[in-house]
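Undergrad: For our numbering, add 373 to where a residue sits in the sequence shown, where the first one is 1.
Handing you a structure now.
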Amino acid sequence: MIDERQGGLRQEIFANDRRHVWHALAPHQDGQPWVVESAQGVRVTDMDGNEYLDAMSGLWCVNAGYGQERLARAAYDQMVRMPYYPLSASHIPAAQLAGRLNEWLGGEYRLFFGNGGSEANETAFKIARQYHVQSGQPLRHKVISRYRAYHGATAAALAATGQNQRKYAYEPLPQGFLHIQPPDLYRGRGDLDEQAYAGQCADELERVILWEGVETVSAFIMEPIITGGGVLMPPAGYLDRVAAVCRRHGVLLIVDEVICGFGRTGKRFGFQHNDVLPDIVTMAKGITSGYAPLSATAVRAELYGAFTDAADPQAHFRHVNTFGGHPVSCAVALENLDLFEEQELVSRAAEYGELLQRELQSLYEYDIVGDVRGRGLLAGVEFVADRADKRPLSADAVRAVIGRCKARGLIVGRNGDTVADLNNVLAIAPPLVIGERDIRWIAQVLHDSIGEHVQEAARG
Ligand SMILES: Cc1ncc(COP(=O)(O)O)c(C=O)c1O
Numbered sequence: 374m375i376d377e378r379q380g381g382l383r384q385e386i387f388a389n390d391r392r393h394v395w396h397a398l399a400p401h402q403d404g405q406p407w408v409v410e411s412a413q414g415v416r417v418t419d420m421d422g423n424e425y426l427d428a429m430s431g432l433w434c435v436n437a438g439y440g441q442e443r444l445a446r447a448a449y450d451q452m453v454r455m456p457y458y459p460l461s462a463s464h465i466p467a468a469q470l471a472g473r474l475n476e477w478l479g480g481e482y483r484l485f486f487g488n489g490g491s492e493a494n495e496t497a498f499k500i501a502r503q504y505h506v507q508s509g510q511p512l513r514h515k516v517i518s519r520y521r522a523y524h525g526a527t528a529a530a531l532a533a534t535g536q537n538q539r540k541y542a543y544e545p546l547p548q549g550f551l552h553i554q555p556p557d558l559y560r561g562r563g564d565l566d567e568q569a570y571a572g573q574c575a576d577e578l579e580r581v582i583l584w585e586g587v588e589t590v591s592a593f594i595m596e597p598i599i600t601g602g603g604v605l606m607p608p609a610g611y612l613d614r615v616a617a618v619c620r621r622h623g624v625l626l627i628v629d630e631v632i633c634g635f636g637r638t639g640k641r642f643g644f645q646h647n648d649v650l651p652d653i654v655t656m657a658k659g660i661t662s663g664y665a666p667l668s669a670t671a672v673r674a675e676l677y678g679a680f681t682d683a684a685d686p687q688a689h690f691r692h693v694n695t696f697g698g699h700p701v702s703c704a705v706a707l708e709n710l711d712l713f714e715e716q717e718l719v720s721r722a723a724e725y726g727e728l729l730q731r732e733l734q735s736l737y738e739y740d741i742v743g744d745v746r747g748r749g750l751l752a753g754v755e756f757v758a759d760r761a762d763k764r765p766l767s768a769d770a771v772r773a774v775i776g777r778c779k780a781r782g783l784i785v786g787r788n789g790d791t792v793a794d795l796n797n798v799l800a801i802a803p804p805l806v807i808g809e810r811d812i813r814w815i816a817q818v819l820h821d822s823i824g825e826h827v828q829e830a831a832r833g
């Protein structure tokens, strides 16, 4: 915490921030910036010394929790040994990490490293496109994704994103990106049981592929659970069914594990809840638990074969980034995976995730809580103005509940600026090192904050 002697420094930081920092997503504000200064375990502390339980793991990424000194040491050691060399050659941390990620993925994959999730998805689209061209199917260029899903901020990743409020200011975006309905057990299934609903969703994917022309469709991209778009739970069997459709029509299945990967849902990767091996897996965030920027696009080894034709000098993947697979980030990722395995963070997420989901059930006491859902240490609370017709609660009201949580020392998230009128889901994704007491406390604070909001709303 900054003391009195440092008061001038504090004012300088606030002034610089207000004047010069362009913040992600947050609307322009004249108010005092919220400056986080230090962090330990599941808690962060701001410059005024206020402590908060960070139930969002930063931006869904600090899976191993804050203050893991061994990750800092891994970065330091690598910087001293060899701070940088590009992956057009190779280096030890990238080679080792590619091997370890193959173990985690449970298949034979070739890894292309990048810096963040958007880039991992951009890379996946380019690989899919070139793969088809070099496999004698040059018309296959279209990418299908789901409304409400987020796949990144860069041009093609944003085009694949199904959130109109994130997109319209930048349109037209690259062509050839199509969207289908998101699977959503709360709003989408009607009277169907889960299997029938999964079949209906897969049928829609297949219909779009056929209508577009099979020979023009390159890939289908999906998160195992739509996370930032509102923690939308798919019906059981969804991934198996859509994977079968993709296989039937030669469409590559890209699974975006940027949030669901690295233990978040109680498995190493979210797709591992099903019996499916995706063609391409994209990952970022939790790969280093947020301690250093890194992403990877994992491509099934058979697909890589299309890029290695010795007789064709143009067959290779003509793509490079300066910092992708940075040795320091790869060293941190390797240490992060060691930590995950030693502390059994994935099975811990499954076990403590069950407690979290159970504890949150008490929120149904309030009529404005329409649905409580999630898997592992990923949860969503969908607010409604009317439980019967599921009319969404306003984004302002959801923001107010979140503000009450923060006033009590709890940071939770929300699906802001996604799809008009559906920015009504509160999100919870704490570090996987969270313990029982803190999980119960999160549920209690949510309970109290929602209760307070309901009371005040009734008073008018
Ligand atoms: C599912 C998903 N994919 C891709 C991205 C983009 O990742 P990044 O912000 O690292 O570019 C995100 C970011 O939140 C994400 O949630």
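Every residue, glycine too, gets a C-beta built ideally from N, C-alpha and C.
#1: With respect to the alpha helix (DSSP H) encompassing residue 504, which residues constitute its N-terminal and C-terminal limits?
#2: Mind checking whether residue 567 and residue 608 have CB atoms under 7 Å apart?
#3: Mind checking who residue 418 pairs with in its DSSP beta bridge?
#4: Go through the stretch 591-650 residue by residue and report every complete run of the beta strand (DSSP E) that reaches 3 residues or more, in order.
#5: Report yes if the C-beta of residue 629 is less than 6 Å from at least one heavy atom of ligand 1; otherwise report no.
#6: By the three-class DSSP mapping on this structure, what secondary structure does residue 431 have?
#7: Are residue 435 and residue 807 touching if we call contact CB-CB under 7 Å?
#8: Where DSSP assigns a beta bridge to residue 765, which residues make up the other side?
#9: Ligand 1 and residue 702: does any heavy atom of the ligand fall closer than 6 Å to the residue's C-beta?
#10: Out of 698, 535, 699, which one is the CA nearest neighbour of residue 793?
#11: Could you tell me if the beta carbon of residue 524 falls within a distance shorter than 6 Å of some heavy atom in ligand 2?
#12: Buried or exposed for residue 401, going by 16 or more other Cβ atoms inside 10 Å?
#13: Grab me the residues of residue 525's own chain with a C-beta within less than 6 Å of its C-beta, minus the 5 sequence neighbours each way, in chain order.
#14: Can you tell me whether residue 477 is buried or exposed, with buried defined as 16 or more other CB within 10 angstroms of its CB?
#15: What three-state label does DSSP hand residue 455 in the structure shown?
#16: Provide the residue(s) that pair with residue 518 in DSSP beta bridges, ordered along the chain.
#17: Determine the burial state of residue 695: buried for a count of at least 16 other Cβ atoms within 10 Å of its Cβ, exposed for fewer.
#18: Measuring only the C-alpha atoms, how far is residue 592 from residue 479?
#19: Ligand 1 heavy atoms versus the CB of residue 491: any closer than 6 Å?
#20: Looking at the structure shown, is residue 821 part of a helix, part of a strand, or coil, going by DSSP?
#21: Where do the ends of the beta strand (DSSP E) carrying residue 801 lie?
#22: Can you check which of these residues, 457, 784, 670, 833, is closest to residue 409 by C-alpha distance?
#23: Measure the alpha-carbon distance for residue 812 versus residue 737 and round it to whole angstroms.
TA: According to the data block:
#1: 490-507
#2: yes
#3: 411, 424
#4: Inside the stretch 591-650, DSSP marks whole beta strand (DSSP E) runs of 3 or more residues at positions 625-629, from first to last along the chain.
#5: yes
#6: helix
#7: No.
#8: 757
#9: no
#10: 535
#11: For ligand 2, the structure offers nothing, since it holds only ligand 1.
#12: exposed
#13: So the list reads 490, 491, 494, once near-sequence residues are dropped.
#14: buried
#15: coil
#16: Bridge partners of residue 518: 552.
#17: exposed
#18: Annotation: residue 592 to residue 479 spans about 22 Å, alpha carbon to alpha carbon.
#19: yes
#20: helix
#21: 798-801
#22: 784
#23: 17 Å
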